[in-house]
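Asker:
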Amino acid sequence: MENNSEMHQWLNDLKVSHPLVIAGPCSAETEEQVLDIARQLKDSDVTIYRAGVWKPRTRPGGFEGVGAIGLEWLQKAKAETGLLMAVEVANANHVKLALEHDIDVLWIGARTTVNPFAVQEIADALQGTDKIVLVKNPVNPDLALWLGGLERIYNAGIRKLGVVHRGFSTYEKTKYRNIPEWQIPIELQDRFPDLPIICDPSHITGKRDMIQQVSQQALDLNFDGLMIETHCNPDKAWSDAAQQVTPERLKQILGNLVIRKQTN
Ligand code: PEP
Ligand code: MN
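Quick note: the sequence shown uses numbering that gives the first Met the number 0, first residue 0, plus one each step.
Right, here's the structure in full:
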């Protein structure tokens, strides 16, 4: 894969002010929850609404997502608010269902990027579509694996591409849930300056009170966007409760950001 100015075009075409903001709950829980959050994000700097409907949980027994019904709730949220909709896809069937429900942005999660067979299956299912596809970094700090995932999607003809930096697993006790290892996304930026790069401070920090600071760091490193988990009642969220913020807090966080680069 070569650096390609086409990769940035979708971001220019969205004509959003810098940074691009993706927000919404970790998981779609109920129709009401999906719609409530979307309504509160409607008149804000948020352009893309995120919600997982298939949740890859590290261990079994937790909430594994509401499944395809959640895609219908997202369709309703889109019709009502005009926000673009994003979901995580982890296999070809997820892609098929997301396409059937007119989801605008598909992202590949950290636990899927580690698996070339799964990414290839997703890439094959995406062939011929013009969706925006975001590839999260793999859970482990392996730039080649991240790039490999991207290349599989690129080779399927997808040009509306982006990457999401969500930090990396470590056995060490640190203040982060997933350590940022900023040098890895920076190397990716150096090699592919036209590839939109989005920071996910929610999964990096695991704690809502660190999101402001990590978001600012990402902007200072010229990231193009932020993906921030947002929930009307974060403490009651069915997944990732400690890191979600309310829509009101999200607006404060965005308002506090010092933005040096003017356009995307
Ligand atoms: C998520 O975005 O909710 C998620 C599961 O993220 P990750 O793949 O980064 O762990
Ligand atoms: Mn999450």
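Note that beta-carbon positions come from the ideal geometry of N, C-alpha and C, so glycine has one too.
Give me the Cα-Cα distance between Leu187 and Leu142, rounded to the nearest whole angstrom.
Answerer: 8 angstroms
Asker: Is the region 17–30 touching the region 40–54 in the sense that three or more CB pairs, one from each, lie closer than 8 angstroms?
Answerer: yes
Asker: Beta strand (DSSP E) containing Ala85: first to last residue?
Answerer: Leu83 to Glu87
Asker: From Glu87 to Thr169, what does the alpha carbon distance come to, in whole angstroms?
Answerer: 23 angstroms
Asker: So is Glu247 buried or exposed if we call it buried at 16+ other beta carbons inside 10 Å?
Answerer: Residue environment analysis places Glu247 among the exposed positions, since fewer than 16 neighbouring C-beta atoms fall within 10 angstroms of its C-beta.
Asker: Considering only residues of the same chain and omitting the five flanking positions on each side of Trp9, which have a CB-CB separation below 7 angstroms?
Answerer: Ile131 and Lys159
Asker: What does DSSP give as the partner residues of Gly224 in its beta bridges?
Answerer: Leu19 and Ile197
Asker: What whole-angstrom Cβ distance do Ala27 and Ala50 have, given they're in contact under 8 angstroms?
Answerer: Correct: roughly 4 angstroms between the Cβ atoms.
Asker: Any heavy atom of the ligand PEP closer than 8 angstroms to the beta-carbon of Cys231?
Answerer: no
Asker: What residue from Gln74, Glu228 and Asn154 has the CA that sits closest to Ala124's CA?
Answerer: Of all alpha-carbon atoms in Gln74, Glu228 and Asn154, the one lying nearest the alpha-carbon of Ala124 is that of Asn154.
Asker: The beta strand (DSSP E) with Gly161 in it runs from where to where?
Answerer: Leu160 to His164
Asker: Confirm, please, whether the CB-CB distance from Gln119 to Gly156 is below 9 angstroms.
Answerer: No, Cβ-Cβ distance for Gly156 and Gln119 is not below 9 angstroms.
Asker: Please confirm whether any heavy atom of the ligand MN lies closer than 8 angstroms to the CB of Glu228.
Answerer: yes
Asker: Could you check if Lys206 belongs to the surroundings of the ligand PEP, using beta carbon to heavy atom distance under 8 angstroms?
Answerer: Lys206 has its CB no nearer than 8 angstroms to any heavy atom of the ligand PEP.
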